[in-house]
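Beneath this line is the structure, given in structure tokens, with notes to follow.
Residue numbers (the numbering used here): 420 to 757.
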């Protein structure tokens, strides 16, 4: 039995915008096992980053609220911790690599000044020990001339170097869980490959768990052990990575797979899922994907599907109901809403 380092159970988050209250996260369930890489995928607006910020305790206090559910880290519910309690945890046991390093690093402080903050917060070190530790970690993430970079400012570094600085910042206190939110955004393909290889290597050497948030399925195939597919604030499918690519069950996941370019075929246009992810205020009764699904039928509009399990493979789709198992949805639509 694998040990679960993180468990998110029936998480529901509300945001207040003016007089309107919306719920972008609607009953999310998933877990991360110790030592594994879990991929969380989905289009922009599906709730991936909001979920990760809730784990880090970084949701805006005045405009957001966890209305139900729990976030268990090492069997301790951290969803109701206050800011002082979260500061002891954040950067020490759980760390995060943010999406855009240029906006995450403060332009008026040197790299060394910014990297020394978590060490001052969580470790009792002298200035010389702090500097030595930072230089060691900068070298660990493959940065050349670490002794000089520690005294430089973010604008003096390239995008790939800044991302490596962000990884070193997340690594400093040797956390048990690292969350990487689109860690290769805005980097060229060669640098992307280097950053992903670095993350894989660091995870293995430090025996960490990694929660990788991305919309790039090729990254998922390369990096992950298991995958959670999110859509409109819900987990619609979860499976081991090879199982998901070999046999996607949810129509949304199938659409994502069909959108991937193939080396074996030449096409004038790539497949795309029709429509857009609904805004939280637009979500009604029934399946959240029903208005874009080519296989939807009346029940999909009226009733929210439960999570159907086939071994460790989970899918929230009425077509996985035993009574509808004869309905295949791997080709053209069989049951369509007119």
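Beta carbons are placed, not taken as given, at the ideal position from N, Cα and C, and that holds for glycine.
Local Cβ density within 10 Å of residue i, reported as buried at 16 or more and exposed below that
i, result
"residue 646", "buried"
"residue 711", "buried"
"residue 517", "buried"
"residue 609", "exposed"
"residue 701", "exposed"
"residue 509", "buried"
"residue 504", "exposed"
"residue 622", "buried"
"residue 447", "buried"
"residue 366", "The structure shown does not extend to residue 366, since the chain is modelled only from 420 to 757, so the question has no answer here."
"residue 657", "buried"
"residue 688", "exposed"
"residue 480", "exposed"
Closest by C-alpha distance to residue i, when choosing among the options
i, options, result
"residue 653", "422, 426, 449, 571", "449"
"residue 528", "625, 420, 573", "573"
"residue 501", "607, 473, 519, 517", "473"
"residue 695", "721, 422, 650", "650"
"residue 549", "535, 558, 559, 557", "535"
"residue 665", "601, 732, 742", "732"
"residue 699", "718, 667, 471, 439", "439"
"residue 633", "427, 441, 468", "468"
"residue 807", "475, 668, 490", "The chain is shown only over 420 to 757; residue 807 falls outside these bounds and no answer can be derived."
"residue 423", "494, 431, 460", "494"
"residue 425", "519, 629, 637, 551", "629"
"residue 523", "618, 578, 658", "578"
"residue 603", "575, 624, 637", "637"
"residue 669", "678, 680, 655", "655"
"residue 704", "427, 667, 445", "445"
"residue 519", "718, 606, 547, 498", "606"
"residue 466", "491, 431, 492", "431"
"residue 575", "596, 530, 552", "530"
"residue 672", "741, 618, 460", "460"
Proximal residues to residue i (C-beta, below 8 Å), its chain only, five neighbours per side dropped
i, result
"residue 725", "735"
"residue 660", "458, 639, 640, 643, 644, 645, 646"
"residue 421", "452, 453, 455"
"residue 511", "537, 540, 541, 592, 594"
"residue 499", "485"
Nonlocal neighbours in the same chain, by C-beta distance under 6 Å from residue i, ignoring five residues either side
i, result
"residue 458", "631, 639, 643, 646"
"residue 663", "646"
"residue 496", "489"
"residue 751", "Its pLDDT being 45, under 50, residue 751 is placed unreliably by the model, and nothing is read from it."
"residue 756", "Bear in mind that a pLDDT of 39 at residue 756, under 50, signals an unreliable position, so the model cannot answer this."
"residue 559", "none"
"residue 674", "692"
"residue 478", "472"
Beta-carbon contacts of residue i that lie in its chain and below 7 Å, excluding the five residues immediately before and after
i, result
"residue 566", "554"
"residue 691", "678"
"residue 464", "696"
"residue 728", "none"
"residue 557", "565, 568, 569, 587"
"residue 525", "533"
is_contact[residue i, chain E] using C-beta, thresh 8 Å
i, result
"residue 728", "Note that chain E does not occur in the displayed structure, where there is just one protein chain."
Cβ distance (whole Å) where residue i is taken to contact residue j below 8 Å
i, j, result
"residue 515", "residue 620", "Not a contact, Cβ separation roughly 19 Å."
Discussion item. Using 8 Å as the cut-off, can you tell me whether the segment 537-557 makes contact with the segment 580-591, which would need three or more C-beta pairs spanning the two stretches below that distance?
Written reply: Under the 8 Å Cβ criterion, the segment 537-557 counts as touching the segment 580-591, having at least three qualifying pairs.
Practice prompt. Count the C-beta pairs between the segment 607-621 and the segment 568-583 that are closer than 8 Å, then say yes if the count reaches three, no if not.
Written response: Taking one beta carbon from each stretch, the segment 607-621 and the segment 568-583 have 3 or more pairs nearer than 8 Å; the two touch.
Worksheet item: Are the segment 473-491 and the segment 421-439 touching, with three or more C-beta to C-beta distances below 8 Å?
Response: The segment 473-491 makes contact with the segment 421-439, as at least three CB pairs between them are under 8 Å.
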